[in-house]
Each structure stands twice: as structure tokens, then as C-alpha cells.
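Read the structure below first, then the notes.
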Amino acid sequence: MSSTPRTLAEKVWDAHVVPTRSGPVGTSSDHATDSRHLAADTIPTQDSAAAAADVAGDRAEPTGDNSHNGPDLLYIDLHLLHEVTSPQAFEGLRMSGRDVRRTDLTIATEDHNTPTDNLTTIADPTSRTQIETLRENCAEFDIRLHPLGDAEQGVVHVVGPQLGLTQPGMTIVCGDSHTSTHGAFGALAFGIGTSEVEHVLATQTLPQQRPKTMAVTVNGRLRPGVSAKDLILTLISTVGTGAGRGHIVEYRGEAITSLTMEERMTVCNMSIEWGAKAGLIAPDDTTFAYLRGRQHAPEGAAWDTAVEHWRTLRTDRDAQFDAEVVLDATQIRPFVTWGTNPGQGIALDQAVPDPADFTSESERQAAEQALKYMDLTPGQQLREVDIDVVFVGSCTNGRIEDLREVAQVLRDRKVSDSVEMLVVPGSARVRLQAETEGLDQIFLQAGAQWRFAGCSMCLGMNPDQLRPGQRAASTSNRNFEGRQGRGGRTHLVSPAVAAATAVAGHLASPSDLPQRQPLAA
1 MSSTPRTLAE KVWDAHVVPT RSGPVGTSSD HATDSRHLAA DTIPTQDSAA
51 AAADVAGDRA EPTGDNSHNG PDLLYIDLHL LHEVTSPQAF EGLRMSGRDV
101 RRTDLTIATE DHNTPTDNLT TIADPTSRTQ IETLRENCAE FDIRLHPLGD
151 AEQGVVHVVG PQLGLTQPGM TIVCGDSHTS THGAFGALAF GIGTSEVEHV
201 LATQTLPQQR PKTMAVTVNG RLRPGVSAKD LILTLISTVG TGAGRGHIVE
251 YRGEAITSLT MEERMTVCNM SIEWGAKAGL IAPDDTTFAY LRGRQHAPEG
301 AAWDTAVEHW RTLRTDRDAQ FDAEVVLDAT QIRPFVTWGT NPGQGIALDQ
351 AVPDPADFTS ESERQAAEQA LKYMDLTPGQ QLREVDIDVV FVGSCTNGRI
401 EDLREVAQVL RDRKVSDSVE MLVVPGSARV RLQAETEGLD QIFLQAGAQW
451 RFAGCSMCLG MNPDQLRPGQ RAASTSNRNF EGRQGRGGRT HLVSPAVAAA
501 TAVAGHLASP SDLPQRQPLA A
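This is how it looks when you write it as C-alpha cells:
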């Protein structure tokens, strides 16, 4: 292996480049079908270790060779599936007479189309068809599936980490743009299209052009009341929605290393929202503590060996990034989007900007269009914006720590009569944990709806949608026009701001709320 100093992203990438008999990767994937990967310095998941044997007498170890100009062929350690982007991929396998290459490295869950008000009835015909198709495909190809009602069902990017499937140094793909969530563990994780889903199913490999690298260094520590969601929204607003295009981003600095694993997942989850190919954070003791004892984490001596390797997954001291962004965490405040992309955001204590103040004509036009859609006026204070619906959930902020934060704000308080509040856990396991801690009772007593796991109102693919003209404060990741329902208006916020907004009836932070009084029995 090269002695040239490398970034974390380069180390993980190089460890997964599969040599091909024909040199640089061409248009045919046939040469990749007999390749299986077990790098000397890579720890596969416990379940897949025995499967990384020689095939056809040909041991294919990663080369890290970047001497050609074409794409590299990457071996994929974990392939996550859901019901929306997989049907055509399975049909492609049937048409070509191929099987799934590594069923042991493939796992599926139902999340995008699932209802959250019950576990049995899927009313929408399209949603029902997609879910039934996933079940049929998984049964036919012998793929592990966590269906609606299963103890491990949930949003795919919540399920992977909580099961310990997501581990440092892995390559992880899914037909979903927020696969970058798994980068919080030091994994190289990114979303892929349906044709690529088929390619990975058939070969367990994927041709990819090597991206550039970027460092995002966040110095200092976040102030009390400021969250990881505020951090990533601030970053996107600062650099713009296209700044990360063509790059794998490594988040670094004191503010990042002081985050919990679930907070790190929030940051990495939204990497795609500013154009990055993937986002990742070097694994450390926080990572190892989260993984230890989980269902698919190594055990015993294998655990010790894994951690020893994982500690090497850090950017070398003299490694060079292609670009770098630096933020001061102490200057970050509770943040809210005002427009129709995640980069159109400001601190909660600020006023809606005037399009005339933008120097770029394209930004000025985008701001004018966004304000028209959002029905906001320049100079309007964000705290004056009334909210109809508050949504807590999604792969960005639907984990147990997020729900605890919401419960802390709602305890001994009531949701405003003018607000409908949905609290949707990211997985069935998160729901069970919340109920064990009594969080569900806090939500219900406050007047919020306590739902079953699913993607829910993050996107308009299930019954949880905004009506035209309704305005939501949402802990999800996208505020595009119609994202949460046709004509719906979305403000992206942190869990704490979402909870405070539900109580106040308008955009607010917990510090804006009056001192709580115990609720009458």
C-alpha cells in the first residue's frame, strides 16, 4: 500500500478497489462477478466474514490502484434496500437470469410507503403494491426483510446502525440519497440509482469515479440549546447547496468529536443537501461504545481485532484535502429554513431576507420564487410565522435522543390548539425504547400524536402529508416545493425548535417558552 499520506475517505476507498481482469472498469460488469473482497486490513461484519472466501480459485484483494483515468470498481460491504427504488432492479435480475450475489450482505426494510397510524392497513394502492412487491422479491431471492410490524422494522438509515450492521471502514450503498447517514461511523456510504441497485445485487460491486476530498472543520463547542441539526443547517446556508458537489466530505474539529453518535448521524445525513457524494466522521471511542454489544457487531477477540483496525481509520497528519471549510461552533444559533431548499436558512432570531440583498441574479430569483411559494415577506421575523403542523421524525431526527429532547420540552406543557403534532419514531425499536422510558405518555399528554415507525411526513409517499397551504416545522431534511404534500410549506428545524414551536403555535425555541407549570391531573 502507498506510503503517501491519505485522508480517511481515501483509505476506505482504496481498501475496496477490486482488481479487474480487463484493467480499468468498462461497460460490462461480467468480469466483476467472480470477485470477492477480504482485505488484510478490513474487518467485515461478523455475519459476512465466513463468506469472504476465494471464488473460482481467484482471491481478489483491493489494490488501491488509481493509475487509470476511468472509474474504480468498488466492493460493497452492505447493501440496504427499501420498497421504492428496488422493484425495477429485481425485475432486471429476472430478465438477465441472474441471482443476488451476496444475500448475506443485503438487507431490506419497509419504510417510505408505510402508514404510521396502524400496522395492518395500507390504503393507497401504489404504496400497497410497492410493499407487496418488496416482500415477494425478498422471498424469491432469499433476502432478509424487516416488514411492517416486525420488531426491527423502520427507516432504513435508522435500522442499519441500531443493528450494528453499519461499521467503520465499510462501503455501504442504498437506493436512497440519505445513505450518507452511515458515514457517521467512518463508513463510505452513498445513495445510488435503481440501475446501480441492480448492479450491486448482481455483482456486489459498483463502478465509481473517484471523488475529490473536502474537510469541514468545526472549531469550538456548540453552545447550550444549539444542536447538530442547527450545525448542519448553518453549514449548508453558509456554503450553498452545491458546494460539496463531487467531494467526499470529512467532518472534523472539536464540535464534531464532542457529538454523540446520533448527533453525528444527523450531520452526515444532510451531506447530500449541499451536494456532497458522501460525508463521514473518523471513528473513535464514542463510535466503539455505540457499537459494542449490538446484534451484528463483532464479539470477544473479534471485537478487539476490529477496534484495533478501526483506530487506524483516521486521516494521516500530512494528508491533503482538495478543499476545506472552517466554521466556528460558538457562533451557531438555533436555525430555521425560510425558503425551498436547505440552503435558504437563517438563525431563528433573524428576519426573512430581502431578495434585493442577494448579489447573484440566480440567488435573487431563487429567493423571490421561494418567498412567493412560502408566502413570506422580506423583513418578517421568523418568530412571527405561525405553524399548522409539527413533524418530529425521519432518518435525520427520528432516533431516541431526538425524542428525549422533544419530551424534555413538552413535559408539563400542551401543544397549541392551532397545531397538529406528529411524533414518529425512526424504528420499531426506537418506539419501544421511548415507551419503556415513558416518553410516549409525555407526547400524548401534551396533545401530540404518537405514531408507528416509518418515513412519514418526510416525503409525500404515504398518508402523512400536508394539505395545500399548510405550513410545517419539520425535523426532516428537505424543504422542496411539495416535498411534504402538494402545496405544503416546510421549515426545517431541530427537534428542540420543533417541540417549542408546537407549544407556541409559531416558530420558537425552548428559551422563548414561559416557565412551565405542572399540568393538572
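Residue numbering for the sequence shown follows full-length UniProt numbering, starting at 1 and increasing by one per position. Every residue gets a Cβ at the ideal spot worked out from N, C-alpha and C, and that includes glycine.
Handout entry: Start-to-end residues for the alpha helix (DSSP H) that takes in Asp402
Key = Indexing the sequence shown from 1 puts residue 402 at position 402. Note, Asp402: alpha helix (DSSP H), Ile400 to Leu410.
Exercise for the section: Would you check if there are 3 or more beta carbon pairs closer than 8 Å linking the region 419 to 426 to the region 394 to 402? Expected result: Flag = yes, the region 419 to 426 and the region 394 to 402 touch.
Handout entry: Minimum length 4: unbroken alpha helix (DSSP H) runs contained in the region 74 to 157
Key = The DSSP assignment places 87 to 96 and 125 to 141 as complete runs of the alpha helix (DSSP H) inside the region 74 to 157, in order along the chain (cut-off: 4 residues).
Practice task
Leaving out five residues on either side along the sequence, give the residues of the same chain with a beta carbon under 6 Å from the beta carbon of Thr217.
Solution key: Residue numbering aside, residue 217 sits at position 217 when the sequence shown is read from its first letter. Correct list, in chain order: Arg252, Gly253 and Val326.
Practice task
Quick one: measure Cβ to Cβ for Ala278 and Ser177, integer angstroms, because I've assumed they're closer than 8 Å.
Solution key: Translated into the one-based positions of the sequence shown, residue 278 becomes position 278. Translated into the one-based positions of the sequence shown, residue 177 becomes position 177. So it is not a contact: roughly 11 Å between Cβ atoms.
Problem - Sub-8 Å separation of Gly225 and Ala255 beta-carbons - result: Start at 1 with the first residue of the sequence shown, and residue 225 comes out as number 225. Start at 1 with the first residue of the sequence shown, and residue 255 comes out as number 255. The beta carbons of Gly225 and Ala255 sit no closer together than 8 Å.
Practice task
Under 8 Å by Cβ, that's how I've got Asp230 and Ser494 pegged, so tell me the actual separation to the nearest angstrom.
Solution key: Against the sequence shown, residue 230 aligns to sequence position 230. Against the sequence shown, residue 494 aligns to sequence position 494. Right, the Cβ-Cβ distance comes to about 6 Å (below 8 Å), so this counts as a contact.
Exercise for the section: Could you spell out the range, first to last residue, of the beta strand (DSSP E) harbouring Asp328? Expected result: Stepping through the sequence shown from its first residue, residue 328 is reached at position 328. For Asp328, the enclosing beta strand (DSSP E) begins and ends at Ala323 to Asp328.
Handout entry: Span of the beta strand (DSSP E) around Lys414
Key = Your numbering for residue 414 matches position 414 in the sequence shown. Counted as a single uninterrupted DSSP element, the stretch harbouring Lys414 is not any beta strand (DSSP E), since DSSP gives it neither H nor E.
Exercise for the section: Could you say if the region 344 to 352 and the region 370 to 386 meet the contact criterion of at least three C-beta pairs nearer than 8 Å? Expected result: Using a Cβ-Cβ distance cut-off of 8 Å, the region 344 to 352 and the region 370 to 386 are in contact, since at least three pairs of beta carbons, one from each stretch, lie closer than that value.
Practice task
Could you please give me the residues that DSSP links to Arg489 through a beta bridge?
Solution key: Indexing the sequence shown from 1 puts residue 489 at position 489. Per DSSP, Arg471.
Practice task
Use the C-beta contact count for Pro468: other C-beta atoms within 10 angstroms, 16 or more gives buried, fewer gives exposed.
Solution key: In the sequence shown, residue 468 corresponds to position 468, counting from 1. Counting Cβ neighbours within 10 Å, Pro468 comes out exposed, since fewer than 16 surround it.
Practice task
Would you give the residue range spanned by the alpha helix (DSSP H) that Ala448 belongs to?
Solution key: Taking the sequence shown and counting its residues from 1, one reaches residue 448 at position 448. Under the DSSP assignment, Ala448 falls outside any alpha helix (DSSP H); it carries neither an H nor an E label.
Handout entry: Limits of the beta strand (DSSP E) - the one that Thr217 falls within
Key = Here residue 217 is taken as the residue at index 217 of the sequence shown, counted from 1. That run of the beta strand (DSSP E) goes Lys212 to Asn219.
Handout entry: Opening and closing residue of the beta strand (DSSP E) in which Pro207 lies
Key = For the purposes of this step, residue 207 is taken as residue 207 along the sequence shown, with counting starting at 1. Taken as a continuous stretch (DSSP letters only), the beta strand (DSSP E) holding Pro207 covers Thr205 to Gln208.
Exercise for the section: Compute the Euclidean distance between the alpha carbons of Val197 and Ala123, then round it to the nearest angstrom. Expected result: Along the sequence shown, one-based indexing puts residue 197 at 197. Along the sequence shown, one-based indexing puts residue 123 at 123. Roughly 28 Å separates the two Cα atoms.
Problem - DSSP-derived helix/strand/coil call for His506 - result: In the sequence shown, the residue the question calls residue 506 occupies position 506. The DSSP-derived three-state label of His506 is strand.
Practice task
Return the chain-ordered ranges of every alpha helix (DSSP H) run that is complete within the region 252 to 310 and spans a minimum of 4 residues.
Solution key: If you keep only unbroken alpha helix (DSSP H) runs of at least 4 residues inside the region 252 to 310, you get 254 to 257, 261 to 269, 285 to 291 and 300 to 310.
Problem - Collapsed DSSP secondary structure at Ser237 in the structure displayed - result: Residue numbering aside, residue 237 sits at position 237 when the sequence shown is read from its first letter. Looking at Ser237 - three-state DSSP - the assignment turns out to be helix.
Exercise for the section: Can you grab the Cα-Cα spacing for the pair Arg404 / Arg413, in whole Å? Expected result: Walking along the sequence shown from the start, residue 404 turns up at place 404. Walking along the sequence shown from the start, residue 413 turns up at place 413. The straight-line gap from Cα to Cα measures roughly 15 Å.
Problem - Environment of Ser86 [buried if 16+ CB atoms lie within 10 Å] - result: As a first step, residue 86 is located in the sequence shown; it is residue number 86 there, counting from the start. The residue is buried, with at least 16 neighbouring Cβ atoms inside 10 Å.
Practice task
In the DSSP assignment, find the beta strand (DSSP E) that holds Cys174 and state where it starts and stops.
Solution key: One-based indexing of the sequence shown puts residue 174 at position 174. Per DSSP, Cys174 is one residue of the beta strand (DSSP E) stretching across Thr171 to Cys174.
Exercise for the section: Please go through the same chain and pick out, in chain order, the residues whose beta-carbon is closer than 6 Å to the beta-carbon of Met265, but skip the five residues on each side of it. Expected result: The count along the sequence shown starts at 1 and reaches residue 265 at position 265. So the qualifying residues of the chain are Thr181 and Ala184.
Problem - Exposed unless 16 or more other CB atoms sit within 10 angstroms - verdict on Gly193 - result: Taking the sequence shown and counting its residues from 1, one reaches residue 193 at position 193. With fewer than 16 other Cβ atoms within 10 Å, it is exposed.
Exercise for the section: Using a Cβ cut-off of 8 Å (strictly closer), state whether Ser362 contacts chain B. Expected result: The structure shown contains no chain B, having only a single protein chain.
Handout entry: Nearest residue (CA-CA) to Thr97, options Val156, Pro168, Gly293 and Ala202
Key = On the sequence shown, position 97 is the one that residue 97 refers to. In the sequence as presented, Thr is not what sits at residue 97; that position holds Gly. Comparing Cα positions, the closest option is Ala202.
Handout entry: Between the CA atoms of Ala351 and Thr501 - distance to the nearest angstrom
Key = Counted from its first residue, the sequence shown places residue 501 at position 501. Counted from its first residue, the sequence shown places residue 351 at position 351. The alpha-carbon atoms of Thr501 and Ala351 are separated by roughly 17 Å.
Handout entry: Distance between Thr305 and Val336 (C-alpha atoms, nearest Å)
Key = Start at 1 with the first residue of the sequence shown, and residue 336 comes out as number 336. Start at 1 with the first residue of the sequence shown, and residue 305 comes out as number 305. Whole-angstrom Cα-Cα distance: 43 Å.
Practice task
Give the straight-line distance between the Cα atoms of Leu444 and Leu410, rounded to the nearest whole angstrom.
Solution key: As a first step, residue 444 must be located in the sequence shown, where it is residue number 444. As a first step, residue 410 must be located in the sequence shown, where it is residue number 410. Roughly 10 Å separates the two Cα atoms.
Exercise for the section: Look up Phe480 in the DSSP assignment and say whether it is helix, strand or coil. Expected result: Counted from its first residue, the sequence shown places residue 480 at position 480. In the structure shown, the three-state DSSP call for Phe480 is coil.
Practice task
State yes or no: is the C-beta of Arg128 nearer than 7 Å to some heavy atom of the ligand SAH?
Solution key: As for the ligand SAH, it is missing from this structure, which has no ligand bound.
Problem - Cβ-based burial, Arg451 [other Cβ within 10 Å; buried from 16] - result: As a first step, residue 451 must be located in the sequence shown, where it is residue number 451. Arg451 counts as buried, since no fewer than 16 other beta carbons sit within 10 angstroms of its beta carbon.
Practice task
Let me know the secondary structure DSSP gives Glu250 once reduced to three states.
Solution key: For the purposes of this step, residue 250 is taken as residue 250 along the sequence shown, with counting starting at 1. Correct three-state label for Glu250: strand.
Handout entry: Selection from Gln331, Gly175, Arg144 and Thr171 that minimises the alpha carbon distance to Gly223
Key = Taking the first residue of the sequence shown as 1, we reach residue 223 at position 223. At residue 223 the sequence reads Arg, which differs from the Gly that was named. Of the candidates Gln331, Gly175, Arg144 and Thr171, the one whose C-alpha sits nearest the C-alpha of Arg223 is Gln331.
Problem - Gln381, DSSP secondary structure in three states - result: For the purposes of this step, residue 381 is taken as the residue at position 381 of the sequence shown. In the three-state reduction of the DSSP assignment, Gln381 falls in the strand class, which pools E and B.
Handout entry: Straight-line Cα distance separating Thr171 from His199
Key = Position 199 of the sequence shown, counted from the start, is the residue given in the question as residue 199. Position 171 of the sequence shown, counted from the start, is the residue given in the question as residue 171. Those two C-alpha atoms are separated by around 15 Å.
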